[in-house]
Structure formats: C-alpha cells, structure tokens
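Before any comments, here is the structure.
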C-alpha cells in the first residue's frame, strides 16, 4: 500500500474544475504508437531488478581462468600502495610478484564472450577490478604515469567497446553486477542477494557501502514502474488520466522518501574513516586528482581520449531516469526561477551528462528514450493546474534527498579530508599528508572524478529545486 494524501474540500473543488478546463483546452495527448519497452534497453521490470541483471553474473569460462584467479589472489594479498611502509617487506614482495604476473600474462581474445552479455559484464568487472588493483597497489607512487599492461588493457578496451561503456571501474561493476544469491533456489529479492562479491579492502564497511547503493537501485525499480505507467497511459488529459498521474506522483514521493532513508541509514553501517582511507582510494581512475597518476594503456589510445574517472553514484541510471522524468536542468540551459547563483555557474555543469558515458550503452539508450518523450511530465504539469501540486511534491522530495546527500558527502569526504585525527604512526599517515598537500593546492575536496564535490552537490540540489513550478 502507498500513502495517499487527502486534499481539503476547497483544493479538491479547485482541482476538479482545473481538470475539466484542461480537458477542454488541451489538445488530446494520446500515447504514441508502438514504442520500445524497458526490456529492449536491458531494464528488467518483469523480474523487478531494474538496471540489475535478472540473474547473478557467472564466472568466466576456463579459458579466462587466469583473470579470475588473479582477481581472487589480489583480494587475498594486495593492500593500498600508500599504506605500505618501508619495513613492510612482505606486502611489497607480494604486490610486485602479483603485478609482474599480470605483465607476463598473454593477451586473451574476448571473441568467445561476444555473444553472451552476462559474460561480457563479468569480463568488464574482472578486468576493471584488476586494473584498479594493479594501479593502486604500487607503493611510493607519486603523480606521473603508470603503464597498464597490454594483458589487461587490450581486453578491457575491447569489452568496453562491445558494451559501449568506459574502460574503467564503474558503478555497474561495483553495484549492478557485484552480487549473487544467498539461496539460489529462492527468487531474486533484496533479502536474498549478497552484495560486494568482489571487494578491494575486504572490510564490512566496503560491503555495506555497496549494499546501501544496491538498496537504492532496488527501490528505484518501483520508480521505473511508475515512469513506465505514466508513459503507457492512453492519454494524459482526461479526468481519469489526471487523477491517475496524481496518484503516481504521490507514490513516487513515498519511494523517494524511502530512498533518502536508505541513504541516511548508511551512517550506521559504514565508518567514515574506514571508507575514506581504506576504501575510497581504490576507486580513483586516471588523473582523478592532482596527485593521481595518469594511466597509459599499453598498445592503446591516449588516456586523454577515454573516460577514466572511476565509479561514482552519479553513474546510477535509476537516479538519472528520475531526473529526466522530472525534467531537472543540470546544465542550466532553461530559464527557471530562481536564477542560478554564481557558484552554481562555476560548478561542473556537464558532470551528470558525462557520467552517462560510464553506464552500459543500453542503459544510456534508455535514458535517451525517456528524454525524447512526446509527453514530458513537467510540461504537462505547467499546462494542467491539477497536476502542479503533485509534481512539485515530487521535486521537493528529490531536493530533500539531495540535501541529505550533501550531509552524507560532508561526513564521508569533506570532513575526513580536513581531519587531523590520524596519528603519525598510522600506516595511512603518508596518504593523509598527500591529501593535505592536495587540499592546500586546490582549496577544496574532490569527488571521484576530480570535481569540486561541495560545489557540485549544491549545484545539483539547486538545479533540482528550480524544476518546481509556481502555483
């Protein structure tokens, strides 16, 4: 059951009159002819997994066991290079042995995987994890460049080309494709899914971080159902349809509120210090910050031509779908009230669009399909007074969610970047000194992709608020 807000008699009368007027004044907005279904874009609504695959991703065939074995070994012996002290001989030896084995591996063809989408996803995930393990396990590393061996670079570039996504660790690898079933005999539900099958740090904090993101994705399936219901309506201008739209939006608000609750609950499951110092550094891609090395793909294209930032919640297709449905203008291309502030204008306006390039191509196609809708919801709400209040309530809910997101980001990233609580004898002290030097040079904390995090999140929040309509 979804909560339904009751309108006062005066509001009810006003809405009824506005609906009747809309029927007379609006041209009949009927549903277009045969349209692609979400399943055509690998969006699984029938199985209620949304952007997650219908089933867990299987291990690669025996011909690719070298990759699978290397990933298993990496999780057993590798630690962050910044955490390796001079007297930690074992970690240095284990790490260099593993990396030398990666350099000696042959280039394995992916031709046998190209007809199986699940195996392609597994290959991308395994290879991307291997590349991040390779780069971030190197000790005494300073800004410069690091060579990704062709044994990893070549197949990762090829798999990424087939899947039409970035050749780097992404949100899809770490969340959408990083789970299996607790009991394979039972249905796929959030209660029967184990997330964080592959981890960098091996900590429960990292596993819980992926689990929290996955819960948002699974809640997002309900949002995708509502979006699909709206676009499947025969028309959107008669009395019954307008009532239906208001009910959909009321349900949408309830779901967004649950998503916010899930986000805030991560404070009880993920320790900020563990996340910032032991987990987050593994996510960094090429030149993710002023002290991060530039990647060079052996026998590959110039890294500057590739998207290599690393995973980010900004790559969540379900949140992009919601923003498109509500017509949030992140690029400040439309005239809306209030006018964007100067800090809004200085933020990375292309960030959200750029994040779509890290998504699987089919999911990106789905978002493009939504964006090209012949019946945009905001335009309907502008011309139909009876829908404005419900539409604004949804916008308000997502803005409130983004306020909470800012608080979480401050707790897990901004505050930790400014922390001085780590003692000199701690193995991550060297990394903290490096981060402090970066802070002094740039004057701000950065997100995974090197963006100014606080500025970006506030700009995103403010762009959401500007989607609201005047009543």
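Residue numbers (the working numbering): 262 to 732. Yeah, the Cβ is synthetic: ideal placement off N, Cα and C, and Gly gets one too.
Asked: N-terminal and C-terminal residue of the beta strand (DSSP E) that residue 359 is part of; Found: Premise fails: residue 359 lies in the alpha helix (DSSP H), 350-365, not in any beta strand (DSSP E).
Asked: Sub-8 Å separation of residue 455 and residue 440 beta-carbons; Found: yes
Asked: Proximity below 8 Å, CB of residue 582 to CB of residue 485; Found: yes
Asked: Residues bridged to residue 441 [DSSP beta-bridge criterion]; Found: 455
Asked: For residue 491 and residue 605, the rounded distance between their alpha carbons; Found: 32 Å
Asked: Where the alpha helix (DSSP H) containing residue 506 begins and where it ends; Found: 500-526
Asked: Reduced DSSP category for residue 477 - H, G, I as helix; E, B as strand; rest coil; Found: helix
Asked: Assigned secondary structure, residue 338 (DSSP; H/G/I helix, E/B strand, else coil); Found: helix
Asked: Start-to-end residues for the beta strand (DSSP E) that takes in residue 659; Found: Not the beta strand (DSSP E): residue 659 falls in the alpha helix (DSSP H), residues 646-670.
Asked: Residue range of the unbroken alpha helix (DSSP H) whose run includes residue 628; Found: 622-632
Asked: Cβ contact (3+ pairs, closer than 8 Å) linking the stretch 718-730 and the stretch 659-670; Found: yes
Asked: Start and end residues, alpha helix (DSSP H) containing residue 585; Found: 578-587
Asked: C-beta contact flag for residue 613 and residue 586 at 8 Å; Found: no
Asked: Buried/exposed call for residue 370, threshold 16 Cβ in 10 Å; Found: exposed
Asked: Close beta carbons around residue 221, own chain, < 8 Å, minus the five adjacent residues each side; Found: Outside the modelled stretch of the chain, which goes from 262 to 732, sits residue 221, for which no answer is possible.
Asked: C-alpha gap between residue 603 and residue 448, whole angstroms; Found: 50 Å
Asked: Element boundaries [beta strand (DSSP E), containing residue 408]; Found: 406-409
Asked: Of the listed residues 676, 553 and 323, nearest to residue 534 (C-alpha basis); Found: 676
Asked: Counted within 10 angstroms of its Cβ, other Cβ atoms place residue 476 as buried (16 or more) or exposed; Found: buried
Asked: Three-way DSSP call (helix, strand, coil) for residue 575 in this model; Found: helix
Asked: Reference residue 450; option with closest CA among 314, 724 and 400; Found: 314
Asked: Nonlocal neighbours in the same chain, by C-beta distance under 8 Å from residue 324, ignoring five residues either side; Found: 369 and 373
Asked: For residue 461, the three-state DSSP class (helix, strand or coil); Found: coil
Asked: Residue 721 burial status per 10 Å Cβ neighbour count (16 or more: buried); Found: buried
Asked: Rounded C-alpha distance that separates residue 717 from residue 360; Found: 36 Å
Asked: Straight-line Cα distance separating residue 554 from residue 698; Found: Confidence in residue 698 is poor, its pLDDT being 46 and thus under 50, which makes the residue's placement unreliable; the coordinate value appears in the next sentence. Between residue 698 and residue 554, the C-alpha separation is close to 15 Å.
Asked: Exposed unless 16 or more other CB atoms sit within 10 angstroms - verdict on residue 596; Found: exposed
Asked: Proximity of residue 429 and residue 560 at Cβ, strictly below 8 Å; Found: no
Asked: CB contact flag (residue 385, residue 421, <8 Å); Found: yes
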